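Residue numbers (the numbering used here), protein chains in the order written: chain A, 1 to 113; chain B, 1 to 113.
Written out below as C-alpha cells is the structure these notes cover.
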DNA sequence: ATGCGTTATACACGCAAAAGTATAGCGCGA
DNA sequence: TCGCGCTATACTTTTGCGTGTATAACGCAT
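Given below as C-alpha cells:
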C-alpha cells in the first residue's frame, strides 16, 4: 500500500470545539501582532470569522483568552491572557508528544519495509 | 478546566480520505449482512452515499474492498475482500493502540487530580 | 419470460455551516 | 472635536455536502 499517509485532527472539546491547532495559530499571531484583526489577515480569514471563533472558544473553555483594548491612537488591540498562555503551552506539549507516538506506531503497522 | 475532553479523528489519506472509522463500520456491517444496501440502511445513510464512499476509498487505496454480485435470487450482494480484512485488522489495532496512548497522555497534561 | 432485490450511476435539491458585508462604538492624539 | 483603526455584532450570501430521486442492468427462481 504505497503512498498511504496518516492524517488526524486533535481538539479539546466541551460541547463543541474548545481548542485546537487553528486557535493555537491565531493566538500565536495575536501574541506577535497585538491585534486580532492583523492575526486574521495574516491567516487569510475574515475578522468576523476570527472574532466568532475566539468568542465560542472562550464560552466553551469558561475563561478569557484575550484582553481587549478598544479605541485609542492605534484603534485598540488585543493581547492573550495568562490562562491562554498556559493552555497553549500544555496543548503544544501534548500535541507534539502524541504526534511523535502516532507517526511511530503508524510506521510500525503500515510502514513499507 | 473542568469538563474538557479530548476528541480526535484519525484517517488514512492518499489525496483524500482513504480509510477511517466510518469505512470501518460500513465494511463490518457488509461482512455481517452480505449487502451494501443493508449496511447503509443500518447506519441510517443513503445507499448512494455509501456506494460513493466505497468507490472513492477503492480508488484512493488502489485495491478493491468489495466483491460484488449483481442479480440472482436475492438480487445480488457484496462481500469484503481479503485485502479489506487485512486493512481492517491493521487499522483497528493501530487505532486501539493510539487511543489508549492519547487518553493516557491527555490525562497527564490536562487531568484534574 | 417475468418479477424481484440488489448493484451501478447520474442528476437535482435542500440545508446547515462557513464566509463575507455592513454598521456601530470606542478612545487617544492631532 | 474630528478622524483613524481597532473591537463588537447583526445580517446576508455563498458553497459544499449529505440526501433523495430516477433509471438501467443483472441473474436466479418461479
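Beta carbons: idealized from backbone N, C-alpha and C, even for Gly.
Given the structure is predicted, the values throughout are model-derived calculations rather than measurements.
In the same chain as residue 106/B, and ignoring 5 residues on each side of it, the C-beta atoms closer than 6 Å to its own belong to 6, in chain order.
Sequence-distant partners of residue 19/A (beyond 5 residues in either direction) whose C-beta falls short of 8 Å from its own C-beta, in its chain, are 11, 12, 57, 61, 87, 91. In the DSSP assignment, residue 78/B falls within the unbroken beta strand (DSSP E) covering 76–80. In this structure residue 32/B is exposed. Its beta-carbon is surrounded by fewer than 16 other beta-carbon atoms within 10 angstroms. Listed along the chain, the chain B residues whose CB falls inside 7 Å of the CB of residue 97/A are 105.
Counting only residues of its own chain and dropping the five nearest sequence neighbours on each side, residue 29/A has a CB closer than 6 Å to the CB of 39, 42. Residues 110 of the same chain have their beta carbon placed closer than 7 Å to that of residue 4/B, with the five preceding and five following residues left out of the count.
For residue 69/B, the three-state secondary structure derived from DSSP is strand.
For residue 20/B, the enclosing beta strand (DSSP E) covers residues 17–20. For residue 7/B, the C-beta contacts it makes with chain A under 7 Å involve 11, 13, in order along the chain. Its Cα nearest to that of residue 34/B, the residue 70/B stands out among 95/B, 48/B, 104/B, 70/B. Judged by beta-carbon spacing, residue 48/A lies beyond the 8 Å limit of residue 66/A, meaning their Cβ atoms are not closer than that value. Within the segment 64–80 of chain A, not one residue has a Cβ closer than 9 Å to any Cβ of chain B. Here residue 9/B is near residue 9/A, since their CB atoms are less than 8 Å apart.
With a contact defined as Cβ atoms closer than 8 Å, residue 27/B and residue 84/B qualify at about 6 Å. Within the same chain, and ignoring the five residues on either side of residue 46/A in sequence, the residues whose Cβ sits closer than 7 Å to its Cβ are 40. For residue 47/A, no CB of chain B lies under 8 Å from its own CB, so it is not counted at the interface with that chain.
Close partners of residue 44/B in chain A (Cβ separation under 7 Å) are lacking, with about 22 Å as the shortest Cβ gap. Chain B has a Cβ within less than 8 Å of the Cβ of residue 4/A. The residue among 100/A, 93/A, 25/A, 96/A with its C-alpha nearest the C-alpha of residue 53/A is 25/A. A direct Cα-to-Cα measurement between residue 55/A and residue 17/A gives close to 12 Å.
Residue pairing by DSSP places residue 10/A opposite 8/B in a beta bridge. Residue contact with chain A for residue 101/B: present (Cβ-Cβ distance below 8 Å to some residue of chain A). Taking 8 Å as the threshold, the shortest C-beta distance from residue 84/B to chain A does not fall below it.
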